[in-house]
Amino acid sequence: MSAGKAMQLVLNAGSSSIKYALYQTSVVAGRPSWTRLVQGLAEGIGTGDQCRIKHVSGEGKVVHQVHLPSHDVALKSVIDLLPKGCCDEINSVGHRVAHGGEGFSQATVVDVRVRKAIQEAAVLAPLHNPFNLLGIDVAAQLFGAECPQVAVFDTAFHQTIPPEAYMYAIPRELYEKHAIRRYGFHGTSYLYVLGETAKAMHRQVEDLNLIVCHIGNGASMVAIKNGQSVDTTMGLTPLEGLVMGTRCGDLDPAVPLHLQSLGYSPQEVNDLLNKQSGLLGMCGTMDDRDVENRYFEQEPRGTLAKKVQVHRMRKYLGAYIVALGGKVDAVVFTGGLGENSWLLRSLVCEGLEELGLQVDETRNRANEGRFSKNTEVHVDGGKTQILVIPTDEELSIAQQTHALLNLS
């Protein structure tokens, strides 16, 4: 493979979907640069219902109705859609893996040991790791041993969190025997946003203290001190922390026990807290656009749902300001809602001028509050910057894979 023409495929395999992106890496002024050639989503895999591939390239977006009985058929169908000649140039495949347990603090080439570790961590992420591993196995079969498969873990970024932040106050043997502790997620996004924030602020990563809010259907926050994660809202699983689209976030641990005493089975409790709670449970919709419309209309349930969501974020914002010793260089919003809701940003920062946080509403509401580029939304002269930094998890996976394999 010649320098300057490395092709990297990025895969995020779920239970019935494969999200993908193909990048060409070149060297510009001595530094690697990425060009996204195609991206897309194969969905409905194995369901027999609404199987399709949404494929986006330089020629536009096309939806292909195809039969996708399995992940290997789906990936083969995706490969058929890649630009001619590119498959022979693919020299690595980067995979999103939800949970790496305590064993991984960076991207890692998948070998027998790593594969076993991903499999063992599946007990901590049963809805994600098995399918991430399936994607790795299918790609390895299709591309062969000459093409390294690289695992990029959502949990890796948070391995710098100190014990006082990751330990739960339960018998220590549960940690020692079963690895029950806080792990945190969205790490791939946070690593990318940290780098982009450093560029936007013309600072070194290791000099930055940030509070980053990754807010989408899944949502979390992180406190970053000197470029490293020191606390985050998600825990053993992605259920803990903020109010999300269908997840409850923080909850009295006795609630699941009480629900079981009322006749709910453990699986019903799990489904209720993960799939029927959050915004959906409070007001009947998980679509935050609908929730915001109800807020503007002062509809009671929608208004309360928005207030609960924001209240939870502000609690963690205050906690993380303390965790950073009061020295916060920037509060950063990312994720689908963080990037596209002026209302959320405004409500979260409302009345915090004494803490150095003040939104410039003209900037915040420009372009209807939707930003696809790094954007400042704080007032001039503010002590703490407020930024919108669009995330790109696929590019982050490509970058980490590239750095690991030294492909340039």
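Taking the numbering used here, I'd label the letters of the sequence shown as residues 117 to 524.
C-beta atoms are modelled at their ideal positions from N, C-alpha and C, and glycine is treated no differently.
Treat the numbers as computed from the prediction; the structure is a model and nothing was measured.
With 16 or more other Cβ atoms from the protein chains shown falling within 10 Å of its own Cβ, Phe487 counts as buried. Here the C-alpha atom of Phe247 lies approximately 37 angstroms from the C-alpha atom of Gly434. In the three-state reduction of the DSSP assignment, Pro148 falls in the strand class. For the pair Val230 and Glu289, the Cα-to-Cα distance works out to about 25 angstroms. The continuous stretches of alpha helix (DSSP H) do not include Asp347, which lies in the beta strand (DSSP E) extending over residues Gln344 to Thr348. Rounded to whole angstroms, the Cβ separation of Met317 and Asp445 is 7 angstroms, and the two are in contact under 8 angstroms.
Remark: C-beta atoms of Ala272 and Val209 do not approach each other more closely than 8 angstroms. Under DSSP, Arg212 takes part in a beta bridge, and its partners are Val268.
Counting C-beta atoms within 10 angstroms of its own C-beta, Arg410 has 16 or more neighbours from the protein chains shown and is therefore classed as buried.
The continuous stretches of beta strand (DSSP E) do not include Ala238, and DSSP gives it neither H nor E.
Ala261 is the residue among Pro199, Ala261 and Ala214 whose C-alpha sits nearest the C-alpha of Asp227.
Sequence-distant Cβ neighbours of Thr450 in its own chain, meaning closer than 8 angstroms and more than five residues away, are Ser305, Val309, Val328, Cys329, His330, Ile331, Val504, Ile505, Pro506 and Thr507. Burial is judged here by how many other beta carbons sit within 10 angstroms of a residue's own beta carbon; His518 has at least 16 and is buried. Residue range Ala335 to Lys341 is occupied by the beta strand (DSSP E) that includes Ile340. Taking C-alpha positions only, Leu367 is separated from Thr151 by approximately 43 angstroms. DSSP, reduced to helix, strand and coil, places Val179 within a strand of the structure shown. Under the 10 Å beta carbon count, Pro354 is surrounded by 16 or more other beta carbons and is classified as buried.
Taking C-beta separations shorter than 7 angstroms and ignoring five residues to either side along the sequence, the partners of Lys391 in its chain run Thr362, following chain order. Non-local C-beta neighbours of Glu509 in its own chain, meaning closer than 6 angstroms and more than five positions away in sequence, comprise Thr304 and Ser305, ordered along the chain. The residues Met283 and Arg297, in chain order, have a CB closer than 7 angstroms to that of Tyr291 in the same chain once the five nearest residues on each side in sequence are set aside. Ranked by Cα distance from Gln474, the options Ala482, Val447 and Thr491 are led by Val447. Contact annotation: Leu395 and Val385 have beta-carbon atoms that are not nearer than 8 angstroms.
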